[in-house]
Each structure stands twice: as structure tokens, then as C-alpha cells.
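Chains as they are written, first to last, in the numbering used here: chain A, 1 to 115; chain B, 1 to 114.
For glycine and all other residues, C-beta sits at the position ideal for the given N, C-alpha and C.
The model shown is predicted, which means the values in this text are computed figures rather than measured ones.
Structure (C-alpha cells):
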């Protein structure tokens with residue numbers, strides 16, 4: 001069965017610093033997609049970034065970037081120049097490319113950005 | 001912007017009650033989902049629907065049912081609420097079958113069953 005593991009339940013970072021959130025996954029599939037979702041205190045989850053497994057280039061979205069290591073089955077999220085508004089729960093998610101978009105989520109990492 | 005609206009932000013119900021959680025999306029999305037969020041467990045899929053009147057079980061469907069009579073509305077039903085169904089319930093929608101489509105989420109319903 002596919003699993004997604006986030007080994008850091010909580011993290012803290014100072015404003016303007018860089019932080020990296022870890023995610024590993026286990027699958028025998030070759031065609032899949034990976035996502036990072038953010039859930040702020042308002043509770044509404046939003047997509048931060050997505051990565052296609054067949055692409056070697058790491059995805060970036062402004063201050064957010066990923067380090068995708070397919071062989072190691074690792075998909076970490078780097079947040080640069082952290083801002084107070086980045087305080088949220090972050091979920092890593094995986095979906096098989098050959099099925100409907102039934103995502104499998106990790107358990108989440110609660111990130112606190114300190115002023 | 002896509003809006004996914006969940007009818008209640010907080011609900012308190014008694015054991016044995018029938019509970020309806022409503023979700024409406026306003027962008028003609030094909031797919032709709034119900035997830036349950038528990039601390040330390042992440043999000044787990046309860047049911048999803050890929051068209052009107054079509055539904056499929058997710059990973060934890062026991063004790064739940066769903067209804068999708070109209071494309072924009074997806075209801076989660078707890079036939080007889082139990083205390084172990086106390087949780088945060090998140091509704092989501094996505095445009096199509098394409099597996100890299102992002103999900104749009106509602107703000108969640110925190111359900112307490114006493």
C-alpha cells in the first residue's frame with residue numbers, strides 16, 4: 001500500500017529564515033504526482049506546489065521550492081524568507097497517475113514562524 | 001476563484017443522531033470528496049463522487065454514506081453518530097479526472113458527538 005510519511009510533527013523558524021519540511025513516500029508506481037498543501041488557522045487548505053514524478057526539474061513557486069529525489073522517494077519543501085503568514089499545517093500528498101485524484105496525505109507538519 | 005462552502009463550521013450532536021454535513025461548490029467541478037482530519041492521522045478519504053449520483057468508497061467509509069443529487073452539492077451522512085466520529089470533516093472538489101488537478105477545499109466542519 002502507498003504511504004506518505006512526514007516525520008516532523010512540529011517545526012519552528014524565525015521570520016526571514018529558511019526552513020525545510022520533510023516528506024517521504026512509498027510506492028512501486030512510476031507514474032504519480034506529489035503535492036504540498038497548506039492549512040492555515042482559517043482551516044481552508046490551499047495548494048502550495050505540485051511535482052510530476054516524470055519531471056526531473058524541481059518545482060518552484062515564488063518562495064516555495066521542492067527537493068524531489070525520486071530514487072530516495074523523498075519530496076521535501078523549502079520555504080525561503082519565511083513570513084508570519086506561512087504559519088500553518090503543511091501536508092504532503094501523493095496520487096497515482098493512472099487513477100482518479102484520490103490523494104494520500106501525510107500526517108502533517110505544524111510550522112510556526114516566529115517574529 | 002472557486003468557492004467550496006461547508007454549511008457549518010462547528011456542530012455538536014448526540015450519540016445516535018442522524019447528521020448531515022453539506023458541501024456546495026460553485027465552479028461546475030466533476031469531482032467532490034469528503035475527508036476526515038484527525039491529529040496524527042492526517043486526512044483520510046471517506047467517499048468521493050465523480051458525477052451526479054455516482055460515488056465510490058474511500059479508505060474509511062464505515063458509518064458514513066453520501067448523496068450527490070446535484071452536481072454542485074455533496075452531502076455526507078452519519079446515519080447514527082458515534083463518539084468516534086468526533087472529528088474535523090473537510091469537503092473538497094476538483095475540476096476533472098486528471099490526476100494532477102489540484103483540490104479546492106472548504107473550511108471544514110468540526111463535529112463533536114457527545
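Under the three-state reduction of DSSP output, residue 57 of chain A falls in the coil class, being neither helix nor strand. Within the stretch 41-55 of chain A, the residues whose Cβ lies closer than 7 Å to some Cβ of chain B are 42, 43, 44, 45, 47, 50 and 52, listed in chain order.
For residue 6 of chain B, the enclosing beta strand (DSSP E) starts and ends at 4-6. Here the alpha carbons of residue 35 of chain A and residue 111 of chain B stand approximately 27 Å from one another. Taking a contact as a CB-CB distance under 8 Å, the pair residue 73 of chain B and residue 53 of chain B does not count as one, their CB atoms being some 12 Å apart. Within the stretch 78-93 of chain A, the residues whose Cβ lies closer than 7 Å to any Cβ of chain B are, in chain order, 91. Following the DSSP letters along the chain, one finds residue 53 of chain B in no beta strand (DSSP E), marked with neither H nor E. For residue 103 of chain A, a Cβ of chain B is located within less than 9 Å of the residue's own Cβ. Linking residue 68 of chain A to residue 75 of chain A through their CA atoms gives a straight-line distance of about 5 Å. Collapsing the DSSP output to three states places residue 39 of chain A in a strand.
Of all residues in the stretch 11-44 of chain B, the ones placed with a Cβ closer than 7 Å to any Cβ belonging to chain A are 31, 40, 41, 42 and 43, in chain order. Residue state for residue 21 of chain B is assigned as strand, using DSSP reduced to three classes. Think of a sphere of 8 Å around the beta carbon of residue 107 of chain A: the chain B residues whose beta carbon falls inside it are 40, 41 and 42, in chain order. Taken through DSSP and simplified to helix, strand or coil, residue 26 of chain A comes out as strand. Counting along the chain, the unbroken beta strand (DSSP E) around residue 78 of chain A starts and ends at 74-79. Residues of the stretch 43-65 of chain B with a C-beta less than 9 Å from any C-beta of chain A: 43, 44, 45, 48, 50, 56, 58 and 59, listed in chain order. The C-alpha of residue 14 of chain A is placed about 30 Å away from the C-alpha of residue 104 of chain A.
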